[in-house]
Amino acid sequence: MSGHEFQSFFPESGGVDLTDQATNITDETIEEMRQLAARYPQARSALLPMLHLVQSVDGRVSPRGIEACAEVLGISAAQVSGVATFYTMYKRRPAGKHHVGVCVTALCAVMGGDALMEHVEDKLGIHPGETTADGTFSLEAVECNAACDFAPVMMVNWEFMDNMDPEKADRLLDDLAAGKPVESTRGATITSWKEAERVIAGFPDGRADEGPAAGGASLVGLRIANERGWTAPDVPAPVSEEEK
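So for the sequence shown, the numbering used here puts the first residue at 2; every next one is plus one.
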């Protein structure tokens, strides 16, 4: 292999954009990072929520955010970067005010998810991994939203939008662009991606119980079981060592 340059099969992947040094991280943000670290027996366990907190402030995983996490946790910036570039929920470029995900895994794709993605791409003028020029929307192809009974599914700022089609997607995106209130199908009223990231980081906004917890399609089996008097079999008691 000598003399041959290594070729990546993931040319669009890469590290955090170090050319963009802009940040909104303040002393208050650092203090909130310390609060997160204090919640865990091992402070390093707080790195994932801390990175979500960085995104809630900077709209991405910023160079300053990486440095701050490393300083609070007493680890290297390289270790923080390794985590930040491993998980797809951490954005290496600025996400939009509203982060839109379209599920393209098998069932959603068969039910129209691929066509839905093409439609959203055309409407927004961007591809997955990109953000609109005005910063309103970013787009992601999601590999399974764990909502197959509501396929095809979209998400906005991690809130479910079920049983979607191009016409519904148009109304959704137009309302979001106009700043109109939008309620998710099974969750809270849509706020913004940054606000959602703060909640994921571990700072509740008091709206966890807003909206239904489950949709009808998810409860069909339970309803039928109740109607027919079906119950789960009793679990046998564990056998002790003496009884074996």
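We put the CB at the ideal spot given by N, CA and C, even for glycine. This one's a predicted model, so the numbers in the text were calculated from it and none came from an experiment.
Reduced DSSP category for Ala-142 - H, G, I as helix; E, B as strand; rest coil: It is a strand residue.
Short of 8 Å in beta carbon distance, which residues of its chain neighbour Ser-77, apart from the five on each side in sequence? Order them along the chain. In the same chain as Ser-77, and ignoring 5 residues on each side of it, the C-beta atoms closer than 8 Å to its own belong to Ala-71, in chain order.
Per DSSP, which residues does Glu-184 bridge with? Please list them. Paired residue(s): Thr-190.
Here's a check: name, in chain order, each residue in its chain whose Cβ is nearer than 6 Å to the Cβ of Asp-59, leaving out the five neighbours to either side. Here the set comprises Thr-24, Asn-25, Gly-66.
Continuous alpha helix (DSSP H) stretch holding Met-51: start and end: Start and end: 48-59.
For His-128, which three-state DSSP category applies? Reduced to three states, the DSSP call for His-128 is coil.
Segment contact, 8 Å Cβ cut-off, at least three pairs: the region 28-38 with the region 49-57: They touch, by the three-pair rule.
Which same chain residues, not among the five before or five after Glu-184, have their C-beta less than 8 Å away from its C-beta? Closer than 8 Å at Cβ, skipping near neighbours: Thr-190, Ile-191, Gly-212.
My assumption, with CB atoms under 8 Å, is that Ser-139 sits in contact with Gly-97. Please give the rounded CB distance. With 8 Å as the limit, Ser-139 and Gly-97 qualify as a contact, their Cβ atoms being about 4 Å apart.
Which parts of the region 190-233 are runs of the beta strand (DSSP E), unbroken and 3 residues or longer, counting only runs that do not cross its ends? Listed in chain order, nothing qualifies, since the region 190-233 has no complete beta strand (DSSP E) run of 3 or more residues.
Which one or two residues does DSSP pair with Gly-102 in a beta bridge? In DSSP, Gly-102 forms a bridge with Glu-141, Met-156.
Under the three-state DSSP convention, the category Asp-235 falls into: Of the three classes helix, strand and coil, the one that applies to Asp-235 here is coil, per DSSP.
Here's the rule I'm using: 16 or more other beta-carbon atoms within 10 Å means buried, otherwise exposed. How should Leu-19 be labelled? Burial state of Leu-19 is exposed, judged by a 10 Å Cβ sphere holding fewer than 16 other Cβ atoms.
Residues bridged to Met-34 (per DSSP): Answer is none; Met-34 lacks a bridge partner.
For Met-162, write down the residues that DSSP places opposite it in a beta bridge. Its beta-bridge partners are Met-155.
Taking the straight line between their C-alpha atoms, what separation do you get for Thr-86 and Gly-130? Put simply, the backbone Cα of Thr-86 is about 14 Å away from that of Gly-130.
So, do the region 100-113 and the region 152-166 have three or more beta carbon pairs nearer to each other than 8 Å? Taking one beta carbon from each stretch, the region 100-113 and the region 152-166 have 3 or more pairs nearer than 8 Å; the two touch.
Cβ separation of His-100 and Glu-141, assumed to be a contact under 8 Å, to the nearest whole Å: Rounded, the Cβ-Cβ distance is 7 Å, consistent with contact.
Return the chain-ordered list of same chain residues with a C-beta closer than 8 Å to the C-beta of Lys-124, the five sequence neighbours on each side being excluded. Around Lys-124: Ala-170, Asp-171, Leu-174.
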